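2 protein chains.
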Amino acid sequence: MANSKMPANPFEAEFLDKREANCVPMTPSSFLARTAAVYPERLAVVHGGLRRNYGTLYRRARQLASALKRRGIGAGDTVAIMAPNIPEMLEAHYGVPMAGAVLNPLNVRLDPDTIAFILDHGAAKVLITDREFSPTIAAALEKATGQPAIIDIDDPLGQTGELLGEKTYEALLKEGDPGYAWLPPDDEWRALVLSYTSGTTGDPKGVVYHHRGAYINTLANIAVWAMPHHPVYLWTLPIFHSLGWCYPWTVTVLAGTHVCLRRVEPAAIFSALAEHGVTHMCGAPIVLGMIINSSAADRQPFDQTVEVMTAASPPPPTVLEKIEAMGFSITHVYGLTEVFGPATVCAWQEEWGSLSKPDQAIRKARQGVPYPTLEAMTVVEPETLKPVPADGKAVGEILLRGNTIMKGYLKNPEATNKAFDDGWFHTGDLAVQYPDGYVEIKDRSKDIIISGGENISSIEVEGVLYRHPDIVEAAVVAHPDEKWGETPCAFVTLREGARASADEIIEFCRDNLAHYKCPQSVVFGSLPKTSTGKVQKFLLRDEAQKLE
Amino acid sequence: MANSKMPANPFEAEFLDKREANCVPMTPSSFLARTAAVYPERLAVVHGGLRRNYGTLYRRARQLASALKRRGIGAGDTVAIMAPNIPEMLEAHYGVPMAGAVLNPLNVRLDPDTIAFILDHGAAKVLITDREFSPTIAAALEKATGQPAIIDIDDPLGQTGELLGEKTYEALLKEGDPGYAWLPPDDEWRALVLSYTSGTTGDPKGVVYHHRGAYINTLANIAVWAMPHHPVYLWTLPIFHSLGWCYPWTVTVLAGTHVCLRRVEPAAIFSALAEHGVTHMCGAPIVLGMIINSSAADRQPFDQTVEVMTAASPPPPTVLEKIEAMGFSITHVYGLTEVFGPATVCAWQEEWGSLSKPDQAIRKARQGVPYPTLEAMTVVEPETLKPVPADGKAVGEILLRGNTIMKGYLKNPEATNKAFDDGWFHTGDLAVQYPDGYVEIKDRSKDIIISGGENISSIEVEGVLYRHPDIVEAAVVAHPDEKWGETPCAFVTLREGARASADEIIEFCRDNLAHYKCPQSVVFGSLPKTSTGKVQKFLLRDEAQKLE
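Top to bottom, those sequences are chains P and H. Position 360 of the first sequence, counted from 1, bears residue number 1465 in this note's numbering, the numbering being contiguous throughout. Position 448 of the second sequence, counted from 1, bears residue number 1553 in this note's numbering, the numbering being contiguous throughout.
Okay, structure coming up:
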């Protein structure tokens, strides 16, 4: 007779395994279902004169899911969307995953060739496109080999351009069931969204996000920003950029209001702050600059303090100082497309309160410490992968590890394996780490300037240029030099009516920087930018090559 | 030559699988590591005159983990702890799981027989025990067959009782390495904590919690309560009860302060509110009652509004009204040991603001809607499992589904399978659901009174009794009746000096209730309670049996 034995570890007995009742694949879509059930009447979406509550938003998302499903769109299928921050863009972030498909938001500022590449590479079966972008899309479709079904967004607030497709978005919704019983993915590791990096060189890479990571970062945002119930969130950050930093879901789980913004302009921003009582917004420093440099005619008074989360490139201390004086409170985060938006935060330390405002701004310009849900961050020698000393001086590459990092790059095992070498995600960003653990980015690997064997951080030089009273924007790149190898070359935009000369600016730098770090040449004009507000340094580098 | 083919679903290609860099088992222990790194100097723990910062708390947790590890304690091993809400109790919630072992917090009010049963059933290898409870523990160890290593907590604030074991907790810590490199579990489904239900009948059941659920509910608490950075949290809720509703981790991830409380008494509570600026606390309605009925001598003024999360049994509207007038703001949640503490919340609706205070209190006494991280809740006919109409009248059993539900009951496949029948967790709680989706518990299945074929909710009758000015506490159970089958029997505690008679109280009920619901008999005296503040209705039922 066999002995009936307890298993070696009774906590791992088979009947204690995961079951349908106690283990459900996480998906951020569930947050909309819950908020729509609890607060069906609360205001979910504002767009011009349009108002939709959560009951309606959820019904429309399910209609979209159901309509796609009826067209045979499901697991493994890609639905692309070309749209600014309008209600349809939000709905697609819910409706497409609810159909089991993968949403591919396109960067609206891309050229037709790149769009054609992305549509083919992502194998889009459906393309939802706003008529404003019909010239680009029409040209892209001529170049693309794939033949996605085209659905037009015919937004009353965006009536330029043509209708290109078989029907409008509203007509597509009519095909769907507003009560559609969507299912969570069968595995939380399934693809949720496909988002192409803006790729300054070579073909764009398709970052594949999973449901698990979006769910976790959605909740982490709340903890990091200490968000209240029912925030009023202004969509100044492009939703197509890094999942909108997961705010399509964070705002929804808190039953807040999404204030849409077709075009990010100073007058529209101030109008939203005054009219809708906006409490939270995100954006690259370009948005901060837009606010600071807005004209009196564009400004409107508002009563609340507006919480602003910013990232992309480190905001110069002077920018931080100026915008806080205007009624905004800045939280500085850092992330990349590959990590679901923000992955670190410059967490405020109480003792900073006793520092001078400029010193506070210097602290706030650091990229900071891991999000509470990021498992690990380290700064290493790129070759040896050994951590550099946390002394605020030694520069190394930032590596990250955690549950809020992409699955990898679509159809690109080489780039994926390279990015995930040695059990870490390699950011390509170069930083120092201070004794308190805070990191500060010194440059992208490719942006560092090597002059006479010394590393010069272009960001440090830019920080000084931003402090010059006549300068609105600045970017520094390497200029080839026979003697030194490279020297810094500054591209600057002056304030209207200002007349600082190149010599004056170089002199200003010499007063504030080690001399070897100072620009040898200064070029005046506006700076070329990517669609996400990052200066396109590769273009400036090309230009610097041609100088002299 | 074989064709190299893309996989059918390119998003599921093998190189996009989970890796070390992008998928790390979730454990709430990681929140302490992160907070200790970011805020090493912030005040983590207050206990009498003792102050410890997060750096110290993390070092001590690692010392505990390391000391246990060196003694061979690891995966599948149980470490029991018998302690009130003191620093050692918090540390154990970090240190024991960091060793890979399972923590088993014991209910300090249990009798030696039950403790002996639990120690043997959970197979505790180590028992950490506070000297105050040495009489119970000494008696339990005589009865237990297992021989756990005994470690004594010798708290300067609790010097009654004896030291029973081989060494003190502080001496154990000295065996450990404060820099111990703990590892997350190899699977987030691993057991984290073992917690026995207070079990009003039969042997207690050992609820096994997983790391995944604790991680998720920790974050959900922040969203539900809109918690700020650095809350000051008073430990009025027993930590041994349902993981302390996950607040050992929620307070830590927000870098807040844990204010310990050896004994939950009115003077100590008010003193903490005044001295430490407590912002948040949790507790059963018994804690609310303790505050409301506190004497003038015990009270101290405080400036802040104190957020109180309450559950366990529905707070009567009058209790809610009274305590809010005293400077507390109540959030009503509902949960069970099996679901990591709170699983639903009575989410506030703006339009309730226009209701009268008593009407607001009636809304707030409902158990509400699912936590944002609970995947599903339904109220069903217990036999057919068909949802009852959401009409505020039809009574059914609450079923739950989601990631914050236990693995099951240790060594009890029968009870586990029964609890998880048909893909849901069966709460055993009977409720109605209103048209707005909010649930209101009418009774535990076994607490319903059936009189003349009509179901009478003991909670409804108790709600009326609580409105009587002379009554401090009330509980209603079934009394056997030849004619009606059962009739309600009320047990009440009168305010000091009050003299209401049984007839007056019955008359008061008849003014406020359908007559068939009114108690036929009233018994005066204090009410027997479980260690978690729940009235022990099974004792009252026994007493009611013997009446007349």
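Note that beta-carbon positions come from the ideal geometry of N, C-alpha and C, so glycine has one too. Computed from a predicted structure; not experimentally measured.
- For F1629 of chain H, the number of other beta carbons within 10 angstroms of its own is below 16, and it is reported as exposed.
- Taking G1263 of chain H as reference, the option from H:H1316, H:G1284, H:P1192 with the minimal CA-CA separation is H:P1192.
- By the neighbour-count definition (other C-beta atoms within 10 Å, threshold 16), E1237 of chain H is a buried residue.
- Note on geometry: alpha-carbon atoms of P1633 of chain P and V1537 of chain P lie some 28 Å from one another.
- Below 8 Å, too few C-beta pairs join the region 1339-1352 of chain P and the region 1554-1565 of chain P to call them touching: fewer than three.
- Take the alpha-carbon of I1396 of chain H and the one of V1337 of chain P: they are about 36 Å apart.
- By the neighbour-count criterion, in which 16 or more other beta carbons inside 10 Å mark a residue as buried, R1164 of chain P falls on the buried side.
- For K1469 of chain P, the uninterrupted alpha helix (DSSP H) run begins and ends at 1462-1469, by DSSP.
- For F1238 of chain H, no beta strand (DSSP E) segment is defined, and its DSSP state is neither H nor E.
- Taking 8 Å as the threshold, the shortest C-beta distance from C1128 of chain H to chain P falls below it.
- In the three-state scheme derived from DSSP, where H, G and I count as helix and E and B as strand, E1429 of chain H is classed as helix.
- For I1510 of chain H, a Cβ of chain P is located within less than 8 Å of the residue's own Cβ.
- The beta-carbon of A1448 of chain P is placed no less than 8 Å from the nearest beta-carbon of chain H.
- With a 10 Å radius around the Cβ and a threshold of 16 neighbouring Cβ atoms, W1457 of chain P comes out exposed.
- Residue burial is scored here from C-beta neighbours: G1227 of chain H has at least 16 other C-beta atoms within 10 angstroms and is therefore classed as buried.
- Using a Cβ distance threshold of 8 Å, A1595 of chain P and L1570 of chain P count as a contacting pair.
- Cβ contact annotation for G1200 of chain H (same chain, cutoff 6 Å, sequence separation greater than five): A1166, L1169, A1170, in chain order.
- Under the three-state reduction of DSSP, N1517 of chain P is assigned to coil, being neither helix nor strand.
- Judged by pairs of C-beta atoms under 8 Å, the region 1359-1374 of chain H does not touch the region 1496-1515 of chain H, as fewer than three such pairs exist.
- Shown in chain order are the members of the region 1491-1516 of chain P whose Cβ falls below 8 Å from a Cβ of chain H: L1505, R1506, G1507, N1508, I1510, M1511, K1512, G1513, L1515, K1516.
- Within the region 1498-1568 of chain H, the runs of alpha helix (DSSP H) at least 4 residues long that lie entirely inside it are, in chain order, 1518-1524.
- Rounded to whole angstroms, D1216 of chain H and H1152 of chain H show a C-alpha spacing of 27 Å.
- F1116 of chain P has a beta carbon lying within less than 8 Å of a beta carbon in chain H.
- Bridge partners of G1446 of chain H according to DSSP: H:L1441.
- Between the C-alpha atoms of K1123 of chain H and P1518 of chain P there is a straight-line separation of about 13 Å.
- Using a Cβ-Cβ cut-off of 8 Å, I1327 of chain H counts as an interface residue toward chain P, since at least one Cβ of chain P sits closer than that to its own.
- The beta carbon of G1382 of chain H is closer than 7 Å to those of V1337, Q1409 in its chain, skipping five residues each way along the sequence.
- Within the region 1339-1360 of chain P, contact with chain H at the beta-carbon level (separation under 8 Å) is assigned to V1358, L1359.
- One Cα belongs to D1260 of chain H, the other to P1133 of chain H, and the distance between them is close to 26 Å.
- Contact between the region 1141-1155 of chain P and the region 1316-1328 of chain H is absent: fewer than 3 CB-CB pairs across the two stretches fall below 8 Å.
- Here L1460 of chain H is exposed. Its C-beta has fewer than 16 other C-beta atoms within 10 Å.
- At a cut-off of 8 Å between C-beta atoms, P1371 of chain P does not count as an interface residue with respect to chain H.
- It is roughly 18 Å from the alpha-carbon of W1354 of chain H to the alpha-carbon of P1477 of chain H.
- Proximity of W1457 of chain P to chain H, defined by a Cβ-Cβ separation below 8 Å, is not satisfied.
- With a cutoff of 8 Å on beta-carbon distance, L1504 of chain H and F1525 of chain H are scored as not near each other.
- Contact annotation: P1253 of chain H and A1185 of chain H have beta-carbon atoms nearer than 8 Å.
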